[in-house]
Amino acid sequence: MSSWPRPTTADVGLRSFAPSLPRLFEETALGMQSYLLAQPIPKDSIHHSSVWTVQIPHHDDEMGLLLVKWLEEILYMDEVEEKWLVESSVKVEQNSELSMLQAQVLWIPSDEIDKEVEIKAVTRQDLVVSEVAHGEILNSPWVEVPTFEGPGWYSDVVFDI
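Remember, the working numbering sits 1024 above the position in the sequence shown when you count from 1.
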């Protein structure tokens, strides 16, 4: 796991690290899912596969907004479609009009898991999706979160609980 819950003045924050942008989206999703769980996913659960897609028009904070949209989609799939994300393989693409995230996902029925908390919303408060250059060190202001050395990507996201 490459995601750590971090303190915020309110709600819950999550910092994630990954070697690539697609992997960052995967790690942040798994970090969010892990935070929600009261106990591990049952080992005997039958996994289903699907393709989940989100897209946004071009924007100044394009990758940040795409991350928010991806995490909101995961919450929607759990709450409305009753599909709990277990694993994903993400591809990020851009064209002249929009940015799109397409994920091959494994999911289980949501009624097979126990949640400890509920996330009301994925916020844009303190939202960061940024590349860390080779040799650059990203110090953590939080004891719970390690320092990260590039190359790679990191995200900070805050959830309203």
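All residues carry an ideal CB built from backbone N, CA and C; glycine is no exception.
Inset, instruction - Please say whether S1027 and F1041 have beta carbons closer to each other than 9 Å? - result: Walking along the sequence shown from the start, residue 1041 turns up at place 17. Walking along the sequence shown from the start, residue 1027 turns up at place 3. For F1041 and S1027, yes; Cβs fall inside 9 Å.
Inset, instruction - Compare the beta carbon distance of L1185 and V1036 with 9 Å and say whether it is the shorter of the two. - result: Within the sequence shown, residue 1185 is the residue found at index 161, counting from 1. Within the sequence shown, residue 1036 is the residue found at index 12, counting from 1. Reading off the sequence shown, one finds Ile at residue 1185, where the question assumed Leu. In this structure, V1036 lies closer than 9 Å to I1185 by Cβ.
Legend entry - Pairwise C-alpha distance: Q1149 and D1102: Reading the sequence shown from its first residue, position 78 is the one you call residue 1102. Reading the sequence shown from its first residue, position 125 is the one you call residue 1149. Using only the alpha carbons, I get a separation of about 23 Å.
Inset, instruction - Report whether the distance from the Cβ of W1166 to the nearest heavy atom of the ligand PLP is below 8 Å. - result: In the structure shown, the ligand PLP is absent, as is every other ligand, since no ligand is present at all.
Inset, instruction - Please name the residue, chosen from L1091, P1170, V1114, that lies closest to V1075 on a Cα-to-Cα basis. - result: Walking along the sequence shown from the start, residue 1075 turns up at place 51. Of all alpha-carbon atoms in L1091, P1170, V1114, the one lying nearest the alpha-carbon of V1075 is that of V1114.
Legend entry - Exposure of V1104, with buried meaning 16 or more beta-carbon neighbours within 10 Å: Taking the sequence shown and counting its residues from 1, the one referred to as residue 1104 is at position 80. Under this definition V1104 is an exposed residue.
Legend entry - Assigned exposure category for G1176 - 16 Cβ within 10 Å defines buried: As a working note, residue 1176 is residue 152 in the sequence shown. Flag for G1176 reads buried.
Inset, instruction - Report the three-state DSSP secondary structure of E1117 (helix, strand or coil). - result: Here residue 1117 refers to the residue found at position 93 of the sequence shown. In the structure shown, E1117 sits in a strand (DSSP, three-state: E or B).
Legend entry - Residue(s) in a DSSP beta bridge with M1124: Residue mapping note: residue 1124 aligns to position 100 of the sequence shown, counting from 1. In DSSP, M1124 forms a bridge with Q1079, E1117.
Legend entry - Span separating the alpha-carbon of L1099 from that of I1143: Against the sequence shown, residue 1099 aligns to sequence position 75. Against the sequence shown, residue 1143 aligns to sequence position 119. When rounded, the distance between both Cα atoms is 8 Å.
Inset, instruction - Reducing DSSP to helix, strand and coil, say where I1098 ends up. - result: If you number the sequence shown from 1, residue 1098 lands on position 74. Here I1098 sits in helix by DSSP.
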